[in-house]
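Residue numbers are given in numbering that gives the first Met the number 0: position 39 of the sequence shown equals residue 38, and the series is strictly consecutive.
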Amino acid sequence: MFNFFKKKKEPKERSSDKKETALSEEEQTKIDQTIDEKKTAIVKAEDTEDQDKLAKLYEELGLAYSQKNDEEAIPALEKSLELKLSMGDGYKKLMSLYNEKRKEAARKGDDAGIDKYMNKMDEMRSVAKKLTISGDK
Numbered sequence: 000m001f002n003f004f005k006k007k008k009e010p011k012e013r014s015s016d017k018k019e020t021a022l023s024e025e026e027q028t029k030i031d032q033t034i035d036e037k038k039t040a041i042v043k044a045e046d047t048e049d050q051d052k053l054a055k056l057y058e059e060l061g062l063a064y065s066q067k068n069d070e071e072a073i074p075a076l077e078k079s080l081e082l083k084l085s086m087g088d089g090y091k092k093l094m095s096l097y098n099e100k101r102k103e104a105a106r107k108g109d110d111a112g113i114d115k116y117m118n119k120m121d122e123m124r125s126v127a128k129k130l131t132i133s134g135d136k
């Protein structure tokens, strides 16, 4: 009831709120090279019409963009899931990106943004449910 003799806990800074991971110049150029390689591979793979390979390339492209904290990660990962539903690293990263966007919209008080990303997260959960029931991964 009374907290006379207890030390006051200092509020901890949330590491997820301040997600400022500064990449070194070398890491930045390596990621840029990977992105360029994936883009050229996607252009080549679009001619072959191999959906599985194309989906994997889009997933890898999206993951590379997400390392740079680039906004292009979401469309690339969405395209990957559009081509082939899977619950791999791309799915997990896309779900976390949607959650970050939802948090950002909540901080700004943007109700439309909150609804948009909540609906997208619900769609992702239904994909997971569908994949779990069918047994595909």
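For every residue, glycine included, the Cβ atom is placed at its ideal position computed from N, Cα and C. It should be emphasised that the depicted structure is a prediction, and the values quoted were computed from it without experimental measurement.
Item to check | Buried or exposed by the 16-neighbour rule on C-beta atoms within 10 Å, applied to serine 95 | outcome: As a working mapping, residue 95 is identified with position 96 in the sequence shown. The residue in question, serine 95, is exposed, as its Cβ has fewer than 16 Cβ neighbours within 10 Å.
Item to check | Reduced DSSP secondary structure (H/G/I, E/B, other) of glycine 89 | outcome: Locating residue 89 in the sequence shown gives position 90, where the first residue counts as 1. The answer is helix: DSSP assigns glycine 89 an H, G or I state.
Checklist entry - Which value, in whole angstroms, describes the spacing of the CA atoms of aspartate 69 and leucine 62? => result On the sequence shown, position 70 is the one that residue 69 refers to. On the sequence shown, position 63 is the one that residue 62 refers to. The straight-line gap from Cα to Cα measures roughly 10 angstroms.
Next on the checklist: Within a Cβ cutoff of 7 angstroms, which residues of the same chain sit near arginine 124, ignoring the five residues on either side of it in sequence?
Outcome noted: Along the sequence shown, read from residue 1 onward, the residue named residue 124 stands at position 125. Closer than 7 angstroms at Cβ, skipping near neighbours: no residue.
Next on the checklist: Between which residues of its own chain and lysine 92 is the CB-CB distance below 8 angstroms, once the five residues before and five after are set aside?
Outcome noted: As a position in the sequence shown, residue 92 is number 93, starting the count at 1. Same-chain partners within the cutoff: Gly61, Leu62, Ser65, Ala72 and Leu76.
Item to check | For aspartate 31, the three-state DSSP class (helix, strand or coil) | outcome: Taking the sequence shown and counting its residues from 1, the one referred to as residue 31 is at position 32. Three-state result, aspartate 31: helix.
Item to check | Backbone CA spacing between glutamate 122 and glutamate 25 [nearest angstrom] | outcome: Here residue 122 refers to the residue found at position 123 when the sequence shown is read from its first residue. Here residue 25 refers to the residue found at position 26 when the sequence shown is read from its first residue. Each residue's Cα considered, the two are about 37 angstroms apart.
Checklist entry - Quick one: complete alpha helix (DSSP H) runs, 4+ long, within the stretch 33 to 109? => result 50 to 66, 72 to 82 and 88 to 107
Checklist entry - My guess is that arginine 101 and methionine 117 are in contact by the Cβ rule of under 8 angstroms, so how many angstroms apart are they, rounded? => result Position 102 of the sequence shown, counting from 1, holds the residue named residue 101. Position 118 of the sequence shown, counting from 1, holds the residue named residue 117. Right, their Cβ atoms sit about 6 angstroms apart.
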